[in-house]
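Quick mapping for you: the protein sequence lines, in order, are chains A and B. Residue 65 in this note's numbering sits at position 65 of the first sequence, with consecutive numbering throughout. Residue 89 in this note's numbering sits at position 89 of the second sequence, with consecutive numbering throughout. No residue lacks a Cβ here, since even glycine has one placed at the ideal position from N, Cα and C.
Number of protein chains: 2
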Amino acid sequence: MLEKLVAEGIITDPKSPKGRLIQAAARLFRDKGYERTTVRDLAAEVGILSGSLFHHFKNKERILRAVMEEAILLNTESMKAALAEANTAEERVLALIKCELKSILGDTGAAMTVLVFEWRSLNEDSQKVILELRDIYEQLWLDALTEAKDEGLVVIEPFILRRLLTGALSWTVNWYDDSGEMDLDELARNALSLAIKHNI
Amino acid sequence: MLEKLVAEGIITDPKSPKGRLIQAAARLFRDKGYERTTVRDLAAEVGILSGSLFHHFKNKERILRAVMEEAILLNTESMKAALAEANTAEERVLALIKCELKSILGDTGAAMTVLVFEWRSLNEDSQKVILELRDIYEQLWLDALTEAKDEGLVVIEPFILRRLLTGALSWTVNWYDDSGEMDLDELARNALSLAIKHNI
DNA sequence: TACAATACCAAGCAAGCGCTTGGTTAGTCA
DNA sequence: TGACTAACCAAGCGCTTGCTTGGTATTGTA
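Pasting the structure below:
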């Protein structure tokens, strides 16, 4: 999946200098926030001097944009893949929940957290770019939830439900501990039970 | 309620210079973020020069702390009041949801948003102080949700449910528009239906 | 082996930052 | 009236910030 996107030039190779910089930026932006992270912090993290960053990106904000852009592109693809393997409406909703939780709590977690919490640090142009990518991503959610609503699995309006779920899921980054008792699948089932009325 | 807390010296009078500064800081910190808000921004907002801020607070971080401290104190009191008027477990959960939504989307919304999203800008000491106040606040939630679970209204473990709800509710600040079709009561009922199994 | 293109260094600039200092003004109350 | 205090000004200091510039290694390709 990742290799394919790298080969297509959609995502920067994480082993390249630029790719490693994007990864490091994601971590630092999540941990310290975009504003508190200096270009010197970023450079030190990949072992270069601060001025050398600007060989890879024209300014600091573009690094943030790259982090967000690649995160959303990658996770849109993995959601599509997960949807393709689900057979019922409920399975599709659960698949999306698992996918989003994995993206938030797993390897791309840093970037996803940045995507959610550092939005306002983007300039107008960048916001437009990311927004278009988000729309594609969100449409996958809306389609699945609308289908679930049509089948009577869900009572809340799909786009309201999605927004409530967005908050609930993205907030997990602030409390969920994957070394604790509850594994990610169980967390996903709990989240599913917010959305769907089971008859147990 | 507010007058009482002001009279007791728990909350700064919002009409005093210091109180107006806290209010303005809440708005600016929400809109621009703590880091992006300069002491010059803060001072200009209340019509003084930047240096004069430090007559009221020893440093910028203490302004953030004051914003958070007063927000949580005020809203803990209003939650207690709302709970006192509810008669069943379900009513109590709904009361807390409404209360939290009001605090996020109403007058204290700026401060509550700051409380949720600017946590890491507090230093260690301040985090401890605010954490103690949060514990009191969260215990009100846990008690209500535990009661609901005991009565079979809820299937998820109370402290997991609370955390999912925290995210869902606090995220509303990013999308809910009170001039739109859905009023706050309906939003609260939607949120309640995440938590509680109805037999409708 | 020539030669770009890529990746980086060394040094530092201009602007903005939080905060300090010493002093002034306006209001309160004995 | 005079002592006291809360609120603020005027000026600027020391530091950090994002970013620039001109040059140098390193790498891939023919």
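Just to make sure I have the definition right: I need the residues of chain A whose C-beta is within less than 8 angstroms of the C-beta of residue i. Which are they?
i: B:Glu170; result: The amino acid at residue 170 of chain B is misidentified as Glu; the sequence shows Ser. Here the neighbours are Gly167, Trp171.
i: B:Trp175; result: Arg163
i: B:Lys60; result: Going along chain A, no residue has its Cβ under 8 angstroms from B:Lys60, so there is no contact; the nearest lies around 13 angstroms.
Specify, as a first and last residue, the run of the alpha helix (DSSP H) that residue i falls within.
i: A:Glu118; result: From DSSP, A:Glu118 is part of no alpha helix (DSSP H); its letter is neither H nor E.
i: B:Glu85; result: From DSSP, B:Glu85 is part of no alpha helix (DSSP H); its letter is neither H nor E.
i: A:Trp141; result: 124-150
i: A:Lys102; result: 89-105
i: A:Asp185; result: 184-195
i: A:Val6; result: 2-7
Leaving aside the five residues before and after residue i along the sequence, list all residues of the same chain whose C-beta is less than 6 angstroms from its C-beta, in chain order.
i: B:Phe57; result: Ile63
i: A:Ala71; result: Thr108, Ala111, Met112, Leu115
i: A:Glu181; result: none
i: A:Ala82; result: Ala95, Cys99
i: B:Ala144; result: Arg92, Val93, Leu96
Just mark residue i as buried or exposed, buried being the case when its beta carbon has 16 or more other beta carbons within 10 Å.
i: A:Gln23; result: buried
i: B:Met68; result: buried
i: B:Asn199; result: Its pLDDT being 48, under 50, B:Asn199 is placed unreliably by the model, and nothing is read from it.
i: A:Thr88; result: exposed
i: B:Ala7; result: exposed
i: A:Ser103; result: buried
i: B:Asn174; result: exposed
i: A:Ala25; result: buried
i: A:Glu3; result: exposed
i: B:Ser170; result: buried
i: B:Ile130; result: buried
Pick helix, strand or coil for residue i, following the three-state DSSP scheme.
i: A:Gly167; result: helix
i: A:Asp153; result: The residue you asked about is not Asp; residue 153 of chain A is Leu in the sequence shown. Reduced to three states, the DSSP call for A:Leu153 is coil.
i: A:Arg36; result: coil
i: A:Ser50; result: helix
i: B:Asn59; result: coil
i: A:Glu181; result: coil
i: A:Asp41; result: helix
i: B:Asp13; result: coil
i: B:Thr108; result: coil
Who are the Cβ neighbours of residue i in its own chain at under 8 angstroms, not counting the five residues just before and after it?
i: A:Gln127; result: Trp119
i: A:Leu187; result: Leu101, Thr172, Tyr176
i: B:Leu73; result: Leu5, Ile10, Ile11, Leu133
i: B:Lys80; result: Leu140
Under 7 angstroms between beta-carbons, which chain B residues line up against residue i? List them in chain order, please.
i: A:Val155; result: Ser193
i: A:Ile160; result: Asn190
i: A:Glu35; result: Gly33, Glu35, Arg36
i: A:Arg120; result: Gly33
So, for residue i: in the same chain, excluding its five sequence neighbours on each side, which residues have a beta-carbon less than 7 angstroms away from its beta-carbon?
i: B:Glu77; result: Met1, Leu5
i: B:Tyr34; result: Leu64, Glu118, Ser121
i: A:Ala168; result: Ala191, Leu194
i: B:Leu142; result: Pro158, Phe159, Arg162
i: A:Val155; result: Lys197
i: B:Val39; result: Ser50, Leu53, Lys60
i: B:Thr146; result: Pro158
Would you mind telling me which residues of chain A sit closer than 9 angstroms to residue i, beta carbon to beta carbon, in chain order?
i: B:Arg27; result: Within 9 angstroms Cβ-Cβ: nothing; B:Arg27 doesn't reach chain A, min ~14 angstroms.
i: B:Lys98; result: Simply none; closest approach about 15 angstroms.
i: B:Lys4; result: Simply none; closest approach about 32 angstroms.
i: B:Lys80; result: Going along chain A, no residue has its Cβ under 9 angstroms from B:Lys80, so there is no contact; the nearest lies around 24 angstroms.
I want to check one thing, is the minimum distance from the CB of residue i to the heavy atoms of the ligand SAH below 7 angstroms?
i: B:Trp141; result: With respect to the ligand SAH, the structure shown offers nothing to examine, as it has no ligands at all.
Whose Cβ in chain B lies nearer than 8 angstroms to the Cβ of residue i?
i: A:Lys102; result: Going along chain B, no residue has its Cβ under 8 angstroms from A:Lys102, so there is no contact; the nearest lies around 17 angstroms.
i: A:Lys128; result: Chain B residues near A:Lys128: none, gap ~17 angstroms exceeds 8 angstroms.
Starting from the beta carbon of residue i, find every residue of chain A whose beta carbon is closer than 7 angstroms, and list them in chain order.
i: B:Lys15; result: Per Cβ cutoff of 7 angstroms: no residues; B:Lys15 is ~30 angstroms from chain A at best.
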